[in-house]
Amino acid sequence: MKINDAVFGLLLLLLGGAILVVVQGYPKIPGQQVGPALFPGLIAVGLCVGGVLLMVRGWRDRAASAWLRFDDWVRSPRHLLACALVVASPVFYMLASEKLGFLITSTLTLAVLMWSLRVPTGRSVLIAVIATLVIHTAFYKLLRVPLPWGVLTPYAW
Amino acid sequence: MSSALAQAFSMVFDPFTLLVMVLASLYGLFVGAVPGLSATMAVALLVPITFFMAPIPAIAAMVTATAMAIFSGDIPGCLLRIPGTPASAAYTDEAFAMTRKGLAEQALGAGLVFSAVGGLFGTAVLIVAAPALADFALNFSSFEYFWLVLLGLTCAVFITSDRPLKGLVTLLLGLLVACVGLGNPAGFPRFTFGNTEMTGGIGMIPMMIGMFAISEVIRFAVDTLPPAELVIDKVGSVLKGQWGLAKKYPVQILRGSILGTAVGALPGAGADIAAWMSYAMSKKFSKEPEKFGTGHVEGIVESGSANNSALAGAWIPALVFGIPGDSITAIVIGVLYMKNLNPGPTLFTTNPQNIYAVFMLFILANIIMIPLGILCIKVSKRILKVPRNVLMPLILMFCVVGAFAINNSLFDVGVMLVAGVVAYVLEENKFPIAPAILGVVLGGMLEENFITSMIKSDGNLMGFVSRPIAASLAVVTLLVWTWPLIRRALRIKPAL
Numbered sequence: 001m002k003i004n005d006a007v008f009g010l011l012l013l014l015l016g017g018a019i020l021v022v023v024q025g026y027p028k029i030p031g032q033q034v035g036p037a038l039f040p041g042l043i044a045v046g047l048c049v050g051g052v053l054l055m056v057r058g059w060r061d062r063a064a065s066a067w068l069r070f071d072d073w074v075r076s077p078r079h080l081l082a083c084a085l086v087v088a089s090p091v092f093y094m095l096a097s098e099k100l101g102f103l104i105t106s107t108l109t110l111a112v113l114m115w116s117l118r119v120p121t122g123r124s125v126l127i128a129v130i131a132t133l134v135i136h137t138a139f140y141k142l143l144r145v146p147l148p149w150g151v152l153t154p155y156a157w
Numbered sequence: 001m002s003s004a005l006a007q008a009f010s011m012v013f014d015p016f017t018l019l020v021m022v023l024a025s026l027y028g029l030f031v032g033a034v035p036g037l038s039a040t041m042a043v044a045l046l047v048p049i050t051f052f053m054a055p056i057p058a059i060a061a062m063v064t065a066t067a068m069a070i071f072s073g074d075i076p077g078c079l080l081r082i083p084g085t086p087a088s089a090a091y092t093d094e095a096f097a098m099t100r101k102g103l104a105e106q107a108l109g110a111g112l113v114f115s116a117v118g119g120l121f122g123t124a125v126l127i128v129a130a131p132a133l134a135d136f137a138l139n140f141s142s143f144e145y146f147w148l149v150l151l152g153l154t155c156a157v158f159i160t161s162d163r164p165l166k167g168l169v170t171l172l173l174g175l176l177v178a179c180v181g182l183g184n185p186a187g188f189p190r191f192t193f194g195n196t197e198m199t200g201g202i203g204m205i206p207m208m209i210g211m212f213a214i215s216e217v218i219r220f221a222v223d224t225l226p227p228a229e230l231v232i233d234k235v236g237s238v239l240k241g242q243w244g245l246a247k248k249y250p251v252q253i254l255r256g257s258i259l260g261t262a263v264g265a266l267p268g269a270g271a272d273i274a275a276w277m278s279y280a281m282s283k284k285f286s287k288e289p290e291k292f293g294t295g296h297v298e299g300i301v302e303s304g305s306a307n308n309s310a311l312a313g314a315w316i317p318a319l320v321f322g323i324p325g326d327s328i329t330a331i332v333i334g335v336l337y338m339k340n341l342n343p344g345p346t347l348f349t350t351n352p353q354n355i356y357a358v359f360m361l362f363i364l365a366n367i368i369m370i371p372l373g374i375l376c377i378k379v380s381k382r383i384l385k386v387p388r389n390v391l392m393p394l395i396l397m398f399c400v401v402g403a404f405a406i407n408n409s410l411f412d413v414g415v416m417l418v419a420g421v422v423a424y425v426l427e428e429n430k431f432p433i434a435p436a437i438l439g440v441v442l443g444g445m446l447e448e449n450f451i452t453s454m455i456k457s458d459g460n461l462m463g464f465v466s467r468p469i470a471a472s473l474a475v476v477t478l479l480v481w482t483w484p485l486i487r488r489a490l491r492i493k494p495a496l
């Protein structure tokens, strides 16, 4: 995904501007010239300057670089799906792990991800189950990380 | 000193530490040899595990894994023409050309032996330079630290990146991330959006796992290139003829090691930049520059020593000032803070045994690299056949659990994902990532020293340059900033 520098520049300018507005509301420290607003304020000024420079550069190059250009993978449904699933997996984990528990969430995620990357279905499921058990043993048993049990709580070991 | 040395010795040669080193070696060799998994990623994935270890085994794991990964990154470069880690990219074409000529053994052997030599050279410099610098740095006040951090960040943007504007932008984004939370001199919650998770700031470790591991998984998922084919069946003895190479190219080895250590010590530039610069230098000073690119071992000898020496070089500013020399030490500094081994000159006086132990770990790691490396080359055919479509989902799940494990918080999983996606998009658009990491790691230190200095000098900016060392650092910093303008004014052609 290639984005023209000007687009980044605009985003940075907006970000810098928003920070400048937010830090106006930060308190002053009595008896000091420097408060919590100074440092982020300086960064915001830098972001605005960088943003403007990038916009100028992107505008100059606009003939050579499109505003937004997608690479080959966007036209390949398989790669598109794999990319979407990679990004969706952590989100799914955040939403589901407390309810479903680690074992189910991880097995599902791994199996679907592998399947989307063209690992044969049977092997995907098998590896997903084994890997989940290994990760669970390593982190839950050995390192004592409280991975959630969710619906499997009555069967926790 | 002798009791500290003895203590360090017993910590390093503890059976558990040694076991950790062997396992970390195998892990590092594997990660380095699989294309698309970098040495930095190896460290980022190790953090959740080292989190639960004592400091010395934790450092041992990181030191060994990175040393091995930087070497084994040469293997797929040589056999598949795909660098295993970015640090091998500089001479991948050269190594592959050697394989084509039937010289794969020599290329791999040179990579291995001179990696170890370079690594030991860098370690020697670390051992000599770090304590001396620490002694010197004991007198530093907030003014010196302010300029030192600023100089480090400046180097990361201007020297080590060919796109200063984009580097500056990512640096500012990194500094901005460091502003989030209560951790500022005023103790005022900034940019928390009323979220309690964010008052503690954005977790550095989940963010780095995202930037270095999740971004690679995304890159793999969208990779449309067909897999590369192995061109040879069997790799023979790799040590044969290496002594001859060492006698033929002593200057190259020394030059590569010196350049590598120096580049490593510069903040923001690590093994990959060291290898590129060193390969270019080797070609420039070679008696047979026309042979470069056709399967000539000279450049591999020089840049192979450079990338491993850079690893040790990067630890010099990291241990003495808490300023990371590369992305790997940026993660290491995060771990050191978690272990209450805050880097800085006092670490050398209050806990010398830990420093000695680090030195010993480096020496040991570079020595065991040779036998384990030979082993790795022997089984490389199998490693290169590991199905990455199985490996990448496993890495993803490991990242999720690892990010969660640091604080047992799902919020950190989100931080990891966002950092990964942002890093991927930025890198796709040629924004360098190293300045952002430095910004995140050093943001707090920069602000704290800035505010303290402002208060001490009563808001008078002249106070920042009234001490001699502070003034010198200020001059150097300003010179680096204005160098492009000066160069244009003087019409000097770029050296690189």
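If you're matching them up, the sequences are chains A and B in order. Mind the numbering: the first sequence is residues 1 to 157 in the working numbering, read in order. Mind the numbering: the second sequence is residues 1 to 496 in the working numbering, read in order. Beta carbons: idealized from backbone N, C-alpha and C, even for Gly. Bear in mind that the values here come from a model prediction, so they are computed numbers and not experimental data.
**Prompt:** Sorted by chain position, which residues of the same chain lie with C-beta nearer than 7 Å to residue 139 of chain A's C-beta, five sequence neighbours on each side aside?
**Reply:** So the list reads 145, 147, once near-sequence residues are dropped.
**Asked** Should residue 287 of chain B be listed as close to the ligand ATP, given that the test is whether its C-beta is under 7 Å from any heavy atom?
**Response** Among the components modelled here there is no ligand, and therefore nothing to report on the ligand ATP.
**Request:** State whether the stretch 370 to 381 of chain B contacts the stretch 73 to 81 of chain B, with contact taken as three or more CB pairs (one from each stretch) at a distance under 8 Å.
**Result:** yes
**Prompt:** Pick from B:311, B:352, B:310, B:421: whose alpha carbon is nearest that of residue 84 of chain A?
**Reply:** With distances taken between CA atoms, residue 84 of chain A lies nearest to B:421 out of B:311, B:352, B:310, B:421.
**Item:** For residue 181 of chain B, three-class secondary structure by DSSP
**Value:** strand
**Item:** Terminal residues of the alpha helix (DSSP H) in which residue 123 of chain B lies
**Value:** 104 to 137
**Prompt:** Name the DSSP beta bridge partners of residue 123 of chain A, please?
**Reply:** Note: residue 123 of chain A sits in no beta bridge, so no partner.
**Request:** Determine, using beta carbons only, whether residue 175 of chain B comes closer than 8 Å to chain A.
**Result:** yes
**Asked** When the distance is taken between beta carbons, is residue 68 of chain B closer than 8 Å to residue 46 of chain B?
**Response** It is not a contact, given that the beta carbons lie outside the stated cut-off.
**Prompt:** residue 513 of chain B by DSSP, collapsed to three states: which one?
**Reply:** Nothing can be reported for residue 513 of chain B: it is not among the residues displayed for chain B, which extend from 1 to 496.
**Contact the stretch 273 to 280 of chain B vs the stretch 252 to 264 of chain B: 3+ CB pairs below 8 Å** = Taking 8 Å as the limit for Cβ pairs, the verdict is that the stretch 252 to 264 of chain B does touch the stretch 273 to 280 of chain B.
**Request:** Please list, in chain order, all residues of the same chain as residue 57 of chain B whose beta carbon is under 7 Å from its beta carbon, the five residues on each side excluded.
**Result:** 16, 17, 20
**Request:** Would you give the residue range spanned by the alpha helix (DSSP H) that residue 353 of chain B belongs to?
**Result:** 352 to 378
**Asked** With a Cβ-Cβ cutoff of 8 Å, do residue 341 of chain B and residue 35 of chain B count as a contact?
**Response** Not a contact, by the Cβ cut-off of 8 Å.
**Item:** Unbroken stretches of the alpha helix (DSSP H), 4 residues or longer, contained in the stretch 204 to 279 of chain B
**Value:** 204 to 209, 215 to 221, 242 to 248, 250 to 265
**Request:** Would you please verify whether the beta carbon of residue 70 of chain A is less than 8 Å from any beta carbon of chain B?
**Result:** Contact of residue 70 of chain A with chain B is not assigned, every C-beta pair being separated by 8 Å or more.
**Asked** Helix or strand or just coil, what does DSSP make of residue 163 of chain B?
**Response** coil
**Request:** Look at the Cβ atom of residue 128 of chain A, then the Cβ atom of residue 100 of chain A, and state whether they are nearer than 8 Å.
**Result:** No, Cβ-Cβ distance for residue 128 of chain A and residue 100 of chain A is not below 8 Å.
**Request:** With DSSP as the reference, label residue 2 of chain A as helix, strand or coil.
**Result:** strand
**Request:** Could you tell me whether the Cβ atoms of residue 175 of chain B and residue 439 of chain B are closer together than 8 Å?
**Result:** yes
**Message:** So that I know if they touch, is there some Cβ in chain A lying closer than 8 Å to that of residue 393 of chain B?
**Reply:** Interface residue, yes.
**Message:** Using the three-state DSSP reduction, which class does residue 75 of chain A fall into: helix, strand or coil?
**Reply:** helix
**Message:** Tell me the DSSP secondary structure of residue 143 of chain A in three-state form.
**Reply:** coil
**Asked** What's the C-alpha gap between residue 450 of chain B and residue 283 of chain B?
**Response** 43 Å
**Message:** Using 8 Å as the cut-off, can you tell me whether the stretch 127 to 135 of chain B makes contact with the stretch 289 to 306 of chain B, which would need three or more C-beta pairs spanning the two stretches below that distance?
**Reply:** no
**Interface residues of chain A facing residue 218 of chain B [CB-CB closer than 8 Å]** = 83, 86, 87
**Asked** Would residue 496 of chain B count as contacting chain A if we go by Cβ distances under 8 Å?
**Response** Its pLDDT being 48, under 50, residue 496 of chain B is placed unreliably in this model, and the value from its coordinates should be taken loosely. No, residue 496 of chain B lies away from the interface with chain A (no Cβ there is under 8 Å from its Cβ).
**Request:** May I ask which residues mark the beginning and end of the alpha helix (DSSP H) holding residue 76 of chain B?
**Result:** 74 to 80
**Message:** Quick check on residue 216 of chain B: buried or exposed, where buried means 16 or more other Cβ atoms within 10 Å of its Cβ?
**Reply:** Burial of residue 216 of chain B is indicated by the presence of at least 16 other C-beta atoms within 10 angstroms of its C-beta.
**Request:** Taking residue 331 of chain B as the reference, give the member of B:363, B:122, B:314 with the closest Cα.
**Result:** B:314
**Asked** Okay, do the stretch 197 to 210 of chain B and the stretch 399 to 409 of chain B touch, 3+ Cβ pairs below 8 Å being the bar?
**Response** yes
**Asked** Quick one, which residues of the stretch 34 to 45 of chain A are near chain B if we go by CB-CB under 7 Å, in chain order?
**Response** 34, 35, 36, 39, 40, 43
**Prompt:** Which of the three DSSP states, helix, strand or coil, is assigned to residue 118 of chain A?
**Reply:** Coil at residue 118 of chain A, not helix or strand.
**DSSP three-state assignment for residue 453 of chain B, whether helix, strand or coil** = Under the three-state reduction of DSSP, residue 453 of chain B is assigned to helix.
**Request:** Flag residue 451 of chain B as yes if its beta-carbon sits less than 8 Å from any beta-carbon of chain A, otherwise no.
**Result:** yes
**Item:** Coil, strand or helix - residue 388 of chain B by DSSP
**Value:** The answer is helix: DSSP assigns residue 388 of chain B an H, G or I state.
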